[in-house]
Amino acid sequence: MIRWLLNRTVNRVVTGVSILTMGLQAFVPASFATKVDTTVQVVSLTLINAETNLPIPGFDPLPNNAEIDYSQIGTQKISIRANTSPAQVGSVFFQVNNDRPRRTENEVPYALKGDDNGNYRGWSPREGRYEIAVTPYSKRRKRGSAGATFTQTFTIDNSASNKKQKVLNFTLINADTNSPSEGYDP
0 MIRWLLNRTV NRVVTGVSIL TMGLQAFVPA SFATKVDTTV QVVSLTLINA ETNLPIPGFD
60 PLPNNAEIDY SQIGTQKISI RANTSPAQVG SVFFQVNNDR PRRTENEVPY ALKGDDNGNY
120 RGWSPREGRY EIAVTPYSKR RKRGSAGATF TQTFTIDNSA SNKKQKVLNF TLINADTNSP
180 SEGYDP
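Residue numbers (numbering that gives the first Met the number 0): 0 to 185.
What follows is the structure, given as structure tokens:
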């Protein structure tokens with residue numbers, strides 16, 4: 000029996016559960032449902048310095064809920080690379096915060112903003128929290144069967160470099176003895 004209910008959500012088909020498409024919801028028996036392809040998968044993400052085209056130490060792989068501070072990593076031009084299994088899949092689709100940037104990559108390296116022969120294109124996101132969803136496909140151009148979507152969050156927090164430092168006290172040093180002068184050491 001198929002039940003139709005009005006719904007505006009669009010989702011992928013998952014074995015033995017409801018599908019939501021074109022504003023209608025239907026229950027589809029498992030025998031008709033599309034399965035998630037387990038032969039293609041995203042296993043991790045890597046934060047890339049888009050100026051040097053190298054992984055940023057401490058962010059390979061990019062930990063979930065990572066805090067990225069531009070002043071600590073030495074650049075504001077970053078990229079995110081998807082690491083897949085196998086190393087080469089048909090394509091990889093990136094989406095950040097269910098919005099832009101969105102990109103489908105068909106060639107290795109699979110990079111959020113793409114690359115030109117291994118030279119990563121930079122991305123400079125503003126401060127805030129980001130959720131990146133990356134889906135591998137068995138064929139080019141987001142075709143074929145889809146693997147499971149790999150989702151991860153990170154925060155761009157440039158506050159450490161924005162905090163003003165202040166001098167708390169001074170100590171007068173005797174240049175002859177290289178020790179604090181009496182009465183001038185707090």
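For glycine and all other residues, C-beta sits at the position ideal for the given N, C-alpha and C.
**Through-space distance from Tyr119 to Ser70, alpha-carbon basis** = Mapped onto the sequence shown, residue 70 falls at position 71. Mapped onto the sequence shown, residue 119 falls at position 120. Looking at the backbone, the Cα of Ser70 and that of Tyr119 are separated by about 20 Å.
**OP:** Sort out for me which residues DSSP pairs Gln151 with in a bridge.
**Re:** Locating residue 151 in the sequence shown gives position 152, counting from the first residue. In the DSSP output, where bridge partners are listed per residue, Gln151 has Ile131.
Give, in chain order, every unbroken run of the alpha helix (DSSP H) that is at least 4 residues long and sits entirely within the region 55 to 81.
The qualifying runs are 69 to 72.
Using the beta-carbon count (16 or more within 10 Å), is Val88 buried or exposed? Start at 1 with the first residue of the sequence shown, and residue 88 comes out as number 89. Around the beta carbon of Val88, 16 or more other beta carbons sit within 10 angstroms, so the residue counts as buried.
message: Using a 10 Å radius around the Cβ and a threshold of 16 neighbouring Cβ atoms, would you call Glu126 buried or exposed?
response: Indexing the sequence shown from 1 puts residue 126 at position 127. It counts as exposed.
Original post:
What span of residues does the beta strand (DSSP E) with Gly117 cover, start to end?
Top reply: Indexing the sequence shown from 1 puts residue 117 at position 118. Neither: Gly117 is in no beta strand (DSSP E) and is coded neither H nor E.
Discussion item. Please return the same chain residues whose Cβ sits closer than 7 Å to the Cβ of Asp40, not counting the five positions on each side in sequence.
Written reply: Position 41 of the sequence shown, counting from 1, holds the residue named residue 40. The identity of residue 40 in the sequence shown is Gln, whereas the question assumes Asp. So the list reads Thr83, Ser84, Pro135, Gly146, Ala147, once near-sequence residues are dropped.
Minimum C-alpha distance to Ser123 - residue among Ile47, Ser43, Asp36: Numbered from 1 along the sequence shown, position 124 holds the residue referred to as residue 123. Checked all of Ile47, Ser43, Asp36; the closest Cα to Ser123 is Ile47.
Beta-carbon within less than 6 Å of Thr74's beta-carbon, same chain only, minus the 5 sequence neighbours each way: which residues are those?
In the sequence shown, residue 74 corresponds to position 75, counting from 1. Answer for Thr74: Asn48, Glu50, listed in chain order.
*Inspect the beta-carbon positions of Ala86 and Leu44 and report whether they are closer than 8 Å.*
Position 87 of the sequence shown, counting from 1, holds the residue named residue 86. Position 45 of the sequence shown, counting from 1, holds the residue named residue 44. Not closer than 8 Å, so no.
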